[in-house]
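Novice: The opening position of the sequence shown corresponds to residue 465 in our numbering, with each subsequent residue numbered one higher. For glycine and all other residues, C-beta sits at the position ideal for the given N, C-alpha and C. Nothing here was measured: the structure is a model prediction, and the numbers come from that model. Mind looking over this structure? Questions follow.
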Amino acid sequence: MKKIANTIWNFLGFNYTVFALIGIGLLIRIITLIVLAHFPLASDALSYHNMALQLLHNESFSPFWPPALPYFLLFFYYIFGASEIIGRVSMLLFYIFFSFAIFGLAKKIISTKTANLTVLIFAISPTYIFYSVETYTQLPTATYLAIAAYLMVLINKKSHWAYPILLGVILAALILTRASSIVFLGLIPLYIIIKAKKPSSALIPILVSLVIVFSWIDKVHQMTGRWIMINEANSVNFFIGNNPYTPLYKTWWFGSHGKGEPGVPTAYIEMLSNIRSNPPQVQDKLFLQAALTHIISRPDLFLIRTASRIRNYLAFDSFTGSALISSYSANKLLALIVIFLEALFYCAIMVLAIRYIFDSHLTSGKFENIVLLLLLAAGYAAPYWVSFSHPTYHFPVVPLFGILASTLIESAIDSKQNKISWSLHTLGNRRYLFYIVCLAFLYIQIEWILVMWSRI
């Protein structure tokens with residue numbers, strides 16, 4: 465058995481292994497796709513599909529959703545015909561892109577073994593399987609983040625005119641997939657200037673991404689006669705998470721619950737209806753005004769909700785299991801098994817990543833890699849911490865922590881003194897901070913279970 469384990473571990477050290485791992489992941493996803501194919505798209509996945517149809521038919525509309533994923537779907541709908549199954553099959557390409565991106569990034573900053581191990585983890589993770597066969601933006605966003613990180617590493621290590629241009633394209637795709645990612649237009653160039661001291665390599669991505677993003681904004685202006693910052697959901701989301709009736713913990717609640725549903729206050733519905741009764745060009749300002757007015761009048765509640773948003777964001781995701789019940793007629797036991805497996809994957813990744821971050825023997829190069837990955841993770845998370853949050857939003861950044869977790873695993877297995885490698889004593893005095901962070905992380909998971917227990 466030990467010989468077999470060693471053979472498998474050594475196999476992860478080869479570059480070509482990634483093709484086998486992606487092949488295994490594709491097989492799992494194709495089987496999943498066959499099982500789910502006869503169920504119609506639901507929730508946001510259906511909305512992105514419908515927006516792609518609007519673009520395909522050259523309709524004029526006011527975009528509530530960001531356009532990058534619908535344009536991706538449009539390409540395949542134009543070639544193969546517009547259908548939900550074509551949309552689902554096309555998402556398998558994002559799984560392939562994502563796997564190669566995370567492999568390239570991990571190999572560049574760590575090693576081939578870490579890269580293959582990371583690809584393997586996300587090849588079999590339940591939630592990453594689900595988002596590979598449904599038309600959601602989570603997997604595309606994770607892909608763009610990994611590619612952006614990879615290009616940032618290349619720019620820092622070796623100058624080439626193509627890297628900043630490609631980074632600009634990826635930043636545009638990221639922003640047009642999740643508009644909140646616009647924060648990276650400032651964050652990433654600033655990092656490049658400080659780390660690589662290359663002003664031109666920082667300016668080019670900004671210019672390229674702005675050209676692409678404003679091309680879409682101009683198209684929206686032609687369709688609607690209004691200037692809309694990418695899509696209309698942004699001000700609405702800010703209002704949902706910051707109004708007098710927003711729950712102190714479930715800040716996402718009004719994003720999935722509306723009129724007539726238990727727990728939704730009548731006063732909130734009236735407030736929402738009053739804003740919606742205005743012309744479209746006025747609603748955006750009124751949503752922002754209502755949210756900002758409430759924040760200014762009750763900054764204490766804003767701070768409480770922000771603390772909740774951070775905890776929500778860091779809790780394990782239960783969306784896949786819930787969706788299996790609500791949209792795919794799965795029995796509750798299967799859904800609970802999926803939720804348990806996802807919680808297991810997520811918690812293991814995060815705890816191992818935290819353990820690696822606090823290692824007292826990190827070299828300066830490894831520390832720089834951690835800073836890069838944490839910068840991207842924090843930059844992506846920040847907008848959700850002031851708007852509204854849910855565990856499903858952390859999906860795109862978990863692979864960044866997955867690289868750190870895989871690095872720790874490789875270090876421990878390859879060490880001749882495995883017990884010492886795993887020992888918390890190697891953390892030195894940092895182990896006490898590690899205990900505190902892990903206890904806080906454990907509390908967040910328990911709190912999430914207790915709050916959501918009534919839905920089981």
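Give a yes or no on contact between the region 600-607 and the region 557-575, applying the rule of three or more CB pairs nearer than 8 Å.
Specialist: As far as the Cβ criterion goes, the region 600-607 touches the region 557-575, which means the pair count is three or higher.
Novice: Once the 5 residues before and after residue 858 are set aside, which same chain residues still bring their CB inside 6 Å of it?
Specialist: 777
Novice: Residues in the same chain with beta-carbon distance under 8 Å from residue 846, minus the five sequence neighbours each way, listed in chain order, please.
Specialist: 647
Novice: Residue 491 to residue 554, Cα distance in whole Å?
Specialist: 15 Å
Novice: Which residue marks the beginning of the alpha helix (DSSP H) containing residue 687, and which one marks its end?
Specialist: 663-688
Novice: Closest to residue 679 by C-alpha separation, out of 614, 694, 518, 667, would be which residue?
Specialist: 694
Novice: Determine the DSSP secondary structure at residue 769, reduced to helix, strand or coil.
Specialist: helix
Novice: Measure the alpha-carbon distance for residue 843 versus residue 650 and round it to whole angstroms.
Specialist: 10 Å
Novice: For residue 466 and residue 570, I'd like the C-alpha separation in whole angstroms.
Specialist: Near 27 Å, if we compare the C-alpha coordinates of residue 570 and residue 466.
Novice: Let me confirm a value: residue 874 is counted as buried when at least 16 other C-beta atoms fall within 10 Å, else exposed. Which label applies?
Specialist: buried
Novice: Hey, could you find the ends of the alpha helix (DSSP H) residue 473 is sitting in?
Specialist: 466-475
Novice: Does the Cβ-Cβ distance between residue 810 and residue 780 come in under 7 Å?
Specialist: yes
Novice: Touching or not, the region 572-591 and the region 624-641, by the rule of three or more beta carbon pairs under 8 Å?
Specialist: no
Novice: Measuring straight from C-alpha to C-alpha, what distance separates residue 788 and residue 622?
Specialist: Near 46 Å, if we compare the C-alpha coordinates of residue 622 and residue 788.
Novice: Going straight from the alpha carbon of residue 725 to that of residue 710, what length do you get?
Specialist: 15 Å
Novice: Quick check: what's the CA-CA separation for residue 848 versus residue 671?
Specialist: 26 Å
Novice: Contact defined as beta carbons within less than 8 Å: I believe residue 894 pairs with residue 822. What is the distance between those atoms, to the nearest angstrom?
Specialist: The C-beta separation of residue 894 from residue 822 comes to about 5 Å, placing the pair in contact by the 8 Å criterion.
Novice: Jot down the residue ranges of each uninterrupted alpha helix (DSSP H) in the region 715-743, minimum 4 residues, whole runs only, in chain order.
Specialist: 717-720, 730-740
Novice: In the DSSP assignment, find the alpha helix (DSSP H) that holds residue 912 and state where it starts and stops.
Specialist: 894-916
Novice: Taking its Cβ as the centre, do 16 or more other Cβ atoms sit within 10 Å of residue 740, making it buried, or is it exposed?
Specialist: So residue 740 counts as exposed.
Novice: Whether or not the region 566-581 and the region 505-523 are in contact is what I'm after, with contact meaning three or more pairs of Cβ atoms, one per stretch, closer than 8 Å; do they touch?
Specialist: no
Novice: For residue 868, which residues of its own chain have a beta-carbon under 8 Å away from its beta-carbon, when the five flanking residues on both sides are left out?
Specialist: Result list for residue 868: 816, 817, 820, 821, 834, 837, in chain order.
Novice: Please determine, among 689, 473, 665, the residue with the shortest C-alpha to C-alpha distance to residue 617.
Specialist: The shortest Cα separation from residue 617 among 689, 473, 665 belongs to 665.
Novice: Ignore the nearest five residues each way along the sequence and tell me which others in residue 913's own chain have a CB closer than 8 Å to its CB.
Specialist: none
Novice: Just list the alpha helix (DSSP H) runs in the region 530-584, keeping only unbroken ones of 4 residues or longer that don't cross its boundaries, in chain order.
Specialist: 532-544, 548-573
Novice: If you run the structure through DSSP and keep just helix, strand and coil, what is residue 849?
Specialist: Of the three classes helix, strand and coil, the one that applies to residue 849 here is helix, per DSSP.
Novice: Can you tell me whether residue 692 is helix, strand or coil according to DSSP?
Specialist: In the structure shown, residue 692 sits in coil (DSSP, three-state: anything other than H, G, I, E or B).
Novice: From 774, 752, 682, pick the residue whose C-alpha is nearest to that of residue 712; which is it?
Specialist: 774
Novice: Using a Cβ-Cβ cut-off of 6 Å (strictly less than) and excluding sequence neighbours within five positions of residue 511, which residues of its own chain qualify?
Specialist: 529
Novice: Looking only at its own chain, which residues have a Cβ that is under 6 Å from the Cβ of residue 636, when we skip the five neighbours before and after it?
Specialist: Same-chain partners within the cutoff: 673, 676, 677.
Novice: If you run the structure through DSSP and keep just helix, strand and coil, what is residue 831?
Specialist: helix
Novice: Any chance you could list the alpha helix (DSSP H) runs of at least 4 consecutive residues sitting entirely within the region 587-634, in chain order?
Specialist: 590-594, 602-621
Novice: Restricting to Cα atoms, I'd like to know which of 690, 760, 720 is closest to residue 743.
Specialist: 690
Novice: In the DSSP assignment, the alpha helix (DSSP H) including residue 523 goes from what residue to what residue?
Specialist: Taken as a continuous stretch (DSSP letters only), residue 523 belongs to no alpha helix (DSSP H), as it is neither H nor E.
Novice: In whole angstroms, give me the CA-to-CA distance for residue 782 and residue 541.
Specialist: 31 Å
Novice: Spatial neighbours of residue 500 within its chain, please: C-beta separation below 7 Å, excluding the five flanking residues on both sides.
Specialist: The beta carbon of residue 500 sits closer than 7 Å to the beta carbons of 597, 792 from its chain, once the five residues preceding and following it are set aside; these are given in chain order.
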